[in-house]
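Input: a single structure, listed below in structure tokens.
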Amino acid sequence: MPPLDVTTVNPFVESLSTVFTTMLSLKPTRLRARAACATDRRALTSLIGISGRFSGVVALRFPPETAKNLAERLLSTEVPDDSEEIADAIAELANMVAGAAKAKFNSDPPLALGLPTVVDGAGYRMHMTQQTHWLEVPYESEAGSFSLELAFGVNEEQP
Numbered sequence: 001m002p003p004l005d006v007t008t009v010n011p012f013v014e015s016l017s018t019v020f021t022t023m024l025s026l027k028p029t030r031l032r033a034r035a036a037c038a039t040d041r042r043a044l045t046s047l048i049g050i051s052g053r054f055s056g057v058v059a060l061r062f063p064p065e066t067a068k069n070l071a072e073r074l075l076s077t078e079v080p081d082d083s084e085e086i087a088d089a090i091a092e093l094a095n096m097v098a099g100a101a102k103a104k105f106n107s108d109p110p111l112a113l114g115l116p117t118v119v120d121g122a123g124y125r126m127h128m129t130q131q132t133h134w135l136e137v138p139y140e141s142e143a144g145s146f147s148l149e150l151a152f153g154v155n156e157e158q159p
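All the letters of the sequence shown, read from the start, carry residue numbers 1 to 159 under my numbering.
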């Protein structure tokens, strides 16, 4: 399975749409995919590692205002700007998107998901040890802009 082709990307795109529609009552608009790059602006990024027939990372990156808006929608209550609930909410969104995408793959061995990790800051770049490239799928929504970012490599030792 080639990394970052439609068979690996589409389950995540479809799952994001389903999770945002079902859990947040939002219909995000997908923009044109591109190579992901570092941002100088502050962002909250939730990352989940994936292993199995292919390995990699799925990430959801949000500007702080978007993250806060989504947390409030998910929790159905207002949250302070500095609340840990914001990081918890975006971690849960990434977990739901990755879990729903995992269910779409008929993979032997099955894919395994790691625990979500949230990074909060500006000017950071995400690197992986193997030869992979990050793909960014940007979105616009009523709650603000955000992006789905993916990086995968094929595990040669897997059947």
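Even for Gly, the Cβ is constructed at its ideal location relative to N, Cα and C.
When you compare only the Cα positions, how much space is there between residue i and residue j?
i    : j    : result
E65  : G144 : 7 Å
F62  : V119 : 10 Å
L26  : T132 : 31 Å
F146 : D108 : 32 Å
A94  : P28  : 15 Å
L148 : L70  : 15 Å
G52  : S15  : 19 Å
A122 : T45  : 10 Å
L74  : R41  : 24 Å
L24  : A43  : 20 Å
A151 : M126 : 10 Å
P178 : A91  : The chain is shown from 1 up to 159; residue 178 falls before or after that span and cannot be answered.
S83  : A33  : 31 Å
E72  : L113 : 26 Å
V198 : M96  : No answer is possible for residue 198: it lies beyond the span of the chain, which begins at 1 and ends at 159.
F105 : V13  : 13 Å
E78  : S17  : 24 Å
P138 : N10  : 14 Å
A87  : A101 : 21 Å
P30  : S76  : Residue 30 is actually Arg in this sequence, not Pro. Whole-angstrom Cα-Cα distance: 25 Å.
Give the C-beta separation of residue i and residue j to the nearest angstrom, bearing in mind that I take them to be a contact with Cβ-Cβ under 8 Å.
i    : j    : result
P110 : I48  : At roughly 15 Å, the Cβ-Cβ gap does not stay under 8 Å, so P110 and I48 are not in contact.
F54  : T8   : 7 Å
A36  : E136 : 4 Å
How would you label residue i, buried or exposed, when you count the other beta carbons within 10 angstroms and need 16 or more for buried?
i    : result
A98  : buried
P159 : Legend: pLDDT at P159 = 49, less than 50; position of this residue unreliable, no value from coordinates given.
V19  : buried
A103 : exposed
V6   : exposed
L60  : buried
A67  : buried
P2   : Confidence at P2 is low in this model, with a pLDDT of 47, below 50, so its placement is unreliable and the value that follows should be read with caution. Exposed.
Every unbroken alpha helix (DSSP H) inside the stretch 60–119 [4 residues or more]: Correct list: 64–75 and 84–104.
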